[in-house]
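What follows is a set of notes on a single structure, which appears directly below.
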Amino acid sequence: MNENLRNKLTLGGSLALAVILTACGGTSTSTATVSTGITPQKMADALHAVMESDRTVYTKKVVNRLQNEQQVIKASEHWEDDKALPLPAQMFRMGAEMVTAKNVGFTYGLLSKWPVNKQNAPKTEIEKQGLDFIDANGGTEPFYGEETLGDSKYFTAIYADVGVVTACVKCHNEHKDSPKTDFKIGDVMGGVVIRIPVDS
Amino acid sequence: MKSNTPWILWICLSLGLIVYFCLQLKSSDQSIYLPGTSTDGHYQIELDCSACHTPLMGINEQSCIDCHGADLTSANDSHPKSKFTDPRNADLLGKLDATKCITCHIEHRHDRTHAMGLTIPEDYCLYCHEDIAEERVSHKSYAFNSCATAGCHNFHDNTALYEDFLAKHLDEPDFKEPTLIMRGPLKERMLKSEVARFLKPDGIPAPDAPIEHLDLSGSAHRDWLATAHAKAGVNCSDCHVSSTGTNESDWNTPVSHTSCQKCHQDETQGWLKGKHGMRLAQSSTPMTTDNARLPMNPNTAHKSLSCTSCHGAHTFDTKQASVTSCLECHSDEHSKNYVSSPHYELWRTEQDSDATPYRGVSCATCHLPLVEKNRNGESTVHVEHNQNWNLEPNEKMIRSVCLECHGLEFSIDALADPDLIKTNFQGLPSRHVESIDLVRRRTEEK
Numbered sequence: 009m010n011e012n013l014r015n016k017l018t019l020g021g022s023l024a025l026a027v028i029l030t031a032c033g034g035t036s037t038s039t040a041t042v043s044t045g046i047t048p049q050k051m052a053d054a055l056h057a058v059m060e061s062d063r064t065v066y067t068k069k070v071v072n073r074l075q076n077e078q079q080v081i082k083a084s085e086h087w088e089d090d091k092a093l094p095l096p097a098q099m100f101r102m103g104a105e106m107v108t109a110k111n112v113g114f115t116y117g118l119l120s121k122w123p124v125n126k127q128n129a130p131k132t133e134i135e136k137q138g139l140d141f142i143d144a145n146g147g148t149e150p151f152y153g154e155e156t157l158g159d160s161k162y163f164t165a166i167y168a169d170v171g172v173v174t175a176c177v178k179c180h181n182e183h184k185d186s187p188k189t190d191f192k193i194g195d196v197m198g199g200v201v202i203r204i205p206v207d208s
Numbered sequence: 002m003k004s005n006t007p008w009i010l011w012i013c014l015s016l017g018l019i020v021y022f023c024l025q026l027k028s029s030d031q032s033i034y035l036p037g038t039s040t041d042g043h044y045q046i047e048l049d050c051s052a053c054h055t056p057l058m059g060i061n062e063q064s065c066i067d068c069h070g071a072d073l074t075s076a077n078d079s080h081p082k083s084k085f086t087d088p089r090n091a092d093l094l095g096k097l098d099a100t101k102c103i104t105c106h107i108e109h110r111h112d113r114t115h116a117m118g119l120t121i122p123e124d125y126c127l128y129c130h131e132d133i134a135e136e137r138v139s140h141k142s143y144a145f146n147s148c149a150t151a152g153c154h155n156f157h158d159n160t161a162l163y164e165d166f167l168a169k170h171l172d173e174p175d176f177k178e179p180t181l182i183m184r185g186p187l188k189e190r191m192l193k194s195e196v197a198r199f200l201k202p203d204g205i206p207a208p209d210a211p212i213e214h215l216d217l218s219g220s221a222h223r224d225w226l227a228t229a230h231a232k233a234g235v236n237c238s239d240c241h242v243s244s245t246g247t248n249e250s251d252w253n254t255p256v257s258h259t260s261c262q263k264c265h266q267d268e269t270q271g272w273l274k275g276k277h278g279m280r281l282a283q284s285s286t287p288m289t290t291d292n293a294r295l296p297m298n299p300n301t302a303h304k305s306l307s308c309t310s311c312h313g314a315h316t317f318d319t320k321q322a323s324v325t326s327c328l329e330c331h332s333d334e335h336s337k338n339y340v341s342s343p344h345y346e347l348w349r350t351e352q353d354s355d356a357t358p359y360r361g362v363s364c365a366t367c368h369l370p371l372v373e374k375n376r377n378g379e380s381t382v383h384v385e386h387n388q389n390w391n392l393e394p395n396e397k398m399i400r401s402v403c404l405e406c407h408g409l410e411f412s413i414d415a416l417a418d419p420d421l422i423k424t425n426f427q428g429l430p431s432r433h434v435e436s437i438d439l440v441r442r443r444t445e446e447k
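Protein chains in written order, with my numbering: chain G, 9 to 208; chain W, 2 to 447.
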């Protein structure tokens, strides 16, 4: 990445990182980080760390515990009608849509080569490459690339989304619209795609 | 040498027009500036340009959201703006900029406006879902202009049409057993909560109107004594004096909706959003029946609409407001046929007998339905006074009304049959929406 781009990302990146670190209770640390600046990759990695952690907590500590272990309440795709918990993927998407609506400078989403909703299949060349890459390495390494969409250039990072509990794989394997029905815990089921606009 | 006369005439005419239009700016009638016939949804406020336009006559997109945003959110909008601002959909935006309301809904274009105020060709689904037949082979034979016109899908509100909802309600009887009707408990809850909120234990107070406005032997006093208002201690001044007024000069006759709003917030809020109150919401004059586009009874021409025009001042009879008041003004086929309909028969029977409570279907049952709302953890029930809330597209009525008494398949078919709607549902649907058959087949295959 060139120096110019790095400088331009410093303000936006450090602000976002400050938000993340503040949310984690690290206000003084964030101030120290600002002066060094961060790359889009570092920024995407930091955002993903928050997303993945929240997603895992909701999946394990809320949905799996209440639905499968304690059997208190179910999670349902139609959670409002069924008076149930939103599915972890829906929880993630709702947050992503809310972030997009805020227009804060980056977007993220959840895609899969085996999507329940076909609109969530990889569409851009980078998405296809990225999902193939994380699938091939079992999610051990993320994929990074750049792409131009519309008139804008983006740094795009794709991280493996792994099935962490029975609820994940069972739901996908049994869903009538799922093209893959033999997921196992630990499998890469899709990818988290984070896009950060960069200057062309 | 050529004559300059045509040029001089052209300049004079142009100057004349400029002067004329400038003078019209001060006129009370601004209709000359309308660029074309407005839609049925907006014509009532068409002369209040600032309701939708910026000072330089640009479109203020936020004004769309201000009026329609909450309804879209409550309908779980299937195509929210945030879906399209994702960069991965940039190519789709090049075909159809779905981030803007005015891409599909352009006002003042009567010649190209379809149902729902749509001003683009009806096959718009094609832009993003052209490969739908690959995902759903069953859709192969359907034309793209039928997605949203055959009763199967809506662009925004699919709460009663999504696949799993259809699957959940497969094979329901056309007419449900009375025990399944939920409206009764809902209405009882509303009345209980109203009583708990407002009823005062001290009994009916002495009327506090100034002596020149008080006639203890008159009908106003007599009617008020019989109302829930009197029992709840709502006195004359509570309605006739504005919230800031303290003396006689602040006495208001007639009473405006702002007085009712002091206690009936949800109802008034809905009314101001609907066809009856939307002009007042824009600080305009009240809607009158002669300004309606729907056929109205000539006997009530020029009737001005307020809360009391339907509820009656001092009586506040909800039964009158549920049927009689509606039919006093509305004289379209659907309204006129109501008194011959099976719905009216149930309503009439309910009035005559206690044997069938809550089975009657009045105008208000469908068009001003009871709605449950959760606010800060407290569940309340109110009458939704915005008739448009569940009317367009009419499938919105399925969940809020029809399913109380009818099966989903029957309801979808009935609402897709314009002739049956005209007769006010006298008979059975002659149309059949195939979506439920597709879901049935798919369910059986799995």
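Note that the Cβ used here is the ideal one computed from N, Cα and C, for glycine as well.
One or two residues paired with residue i in a DSSP bridge
i        : result
W:Asp165 : According to DSSP, W:Asp165 bridges with nothing at all.
G:Arg203 : G:Thr115, G:Thr164
G:Glu60  : Note: G:Glu60 sits in no beta bridge, so no partner.
W:Ile60  : W:His54
W:Tyr44  : None, per the DSSP bridge assignment.
W:His383 : W:Val372
W:Ser315 : Reading off the sequence shown, one finds His at residue 315 of chain W, where the question assumed Ser. Answer is none; W:His315 lacks a bridge partner.
W:Trp11  : Bridge partners of W:Trp11: none, in fact.
G:Phe151 : G:Ile166
W:His331 : W:Met297
G:Ala94  : Correcting the residue type first, residue 94 of chain G is Pro in the shown sequence and not Ala. Answer is G:Ser84, bridged to G:Pro94.
G:Leu157 : G:Ser160
Same chain, Cβ closer than 8 Å to residue i, neighbours up to 5 away in sequence not counted
i        : result
W:Val402 : Thr366, Cys367, Pro370, Asn391
W:Pro208 : Leu215, Leu217, His222, Trp225, Asn236, Cys237
G:Thr67  : Pro96, Val172, Val173, Ala175, Cys176
G:Leu17  : Note that G:Leu17 has pLDDT 46, beneath the 50 cutoff, so the model's placement of it is unreliable and the number below is only indicative. Result list for G:Leu17: Gly45, Ile46, Thr47, Pro48, Met51, Ile204, Val206, in chain order.
G:Asn76  : Val173, Thr174, Ala175
W:Thr254 : His214, His241
Neighbourhood of residue i by C-beta, 6 Å cutoff - its chain only, sequence neighbours within 5 removed
i        : result
W:Ala151 : none
W:Glu435 : none
W:Thr228 : Phe317
W:Ile103 : Ile60
W:Asn146 : Glu123, Asp124
W:Ser431 : Asp418
W:Cys472 : The question about residue 472 of chain W has no answer here: the residues shown for chain W are numbered 2 through 447.
G:Asn145 : none
Nearest to residue i (by Cα), restricted to the options the options
i        : options                                : result
G:Ala255 : G:Ala92, G:His180, G:Glu77             : No answer is possible for residue 255 of chain G: it lies beyond the span of chain G, which begins at 9 and ends at 208.
W:His277 : W:Ile46, W:Ser4, W:Leu57               : W:Ile46
W:Ser243 : W:Lys232, W:His230, W:Ala227, W:Gln262 : W:Gln262
W:Lys177 : W:Thr286, W:Ile413, W:Leu404           : W:Leu404
W:Glu373 : W:Thr120, W:Tyr128, W:Lys188, W:Met297 : W:Lys188
W:Ala233 : W:Pro430, W:Cys264, W:Thr254           : W:Cys264
W:Leu347 : W:Leu306, W:Val362, W:Arg443, W:Ser341 : W:Val362
W:Asp239 : W:Arg280, W:His303, W:Pro299, W:His315 : W:His315
W:Met183 : W:Cys406, W:Lys27, W:Ser32, W:Met288   : W:Cys406
G:Asp143 : G:Asp195, G:Glu85, G:Arg73, G:His86    : G:Asp195
W:Arg443 : W:His140, W:Asn395, W:Leu281           : W:His140
W:Ala116 : W:Met398, W:Ala415, W:Pro394, W:Leu409 : W:Pro394
W:Ser257 : W:Thr309, W:Met288, W:Ser354           : W:Thr309
W:Glu131 : W:Lys96, W:Cys105, W:Leu162, W:Ile121  : W:Lys96
W:Asp98  : W:Ile121, W:Leu14, W:Ser220            : W:Ile121
Residues near residue i in its chain [Cβ-Cβ closer than 7 Å; skip 5 each side]
i        : result
G:Thr132 : Glu155, Leu157
W:Asp49  : Gln283, Ser285
W:Cys364 : Ser323, Val324, Cys327, Tyr339
W:Leu127 : Phe145
Beta-carbon separation (whole angstroms), residue i vs residue j, contact threshold 8 Å
i        : j        : result
G:Ile202 : G:Phe114 : 7 Å
G:Pro130 : G:Leu118 : 12 Å between Cβ atoms; not a contact.
W:Phe411 : W:Asp203 : 50 Å between Cβ atoms; not a contact.
W:Pro296 : W:Gly185 : Contact flag wrong, Cβ pair sits at about 34 Å.
W:Val440 : W:Ala168 : 5 Å
G:Val124 : G:Asp185 : 5 Å
Exercise. Pairing CB atoms from the stretch 415 to 431 of chain W with CB atoms from the stretch 325 to 340 of chain W, are three or more of them under 8 Å?
Worked result: Three or more pairs of CB atoms, one per stretch, sit closer than 8 Å, so the stretch 415 to 431 of chain W contacts the stretch 325 to 340 of chain W.
Exercise. Are three or more beta carbon pairs between the stretch 373 to 384 of chain W and the stretch 188 to 201 of chain W nearer than 8 Å?
Worked result: The stretch 373 to 384 of chain W, when compared against the stretch 188 to 201 of chain W, does touch it at the 8 Å Cβ threshold.
Exercise. Counting pairs of beta carbons, one from the stretch 163 to 172 of chain G and one from the stretch 132 to 146 of chain G, are three or more of them closer than 8 Å?
Worked result: A contact exists between the stretch 163 to 172 of chain G and the stretch 132 to 146 of chain G.
Exercise. Is the stretch 27 to 39 of chain W in contact with the stretch 109 to 121 of chain W, if contact means three or more CB pairs nearer than 8 Å?
Worked result: With a cut-off of 8 Å, the stretch 109 to 121 of chain W and the stretch 27 to 39 of chain W count as touching, because enough Cβ pairs lie within range.
Problem set entry | contact_flag[the stretch 69 to 87 of chain W, the stretch 147 to 163 of chain W] where n(CB pairs < 8 Å) is 3 or more | A contact exists between the stretch 69 to 87 of chain W and the stretch 147 to 163 of chain W.
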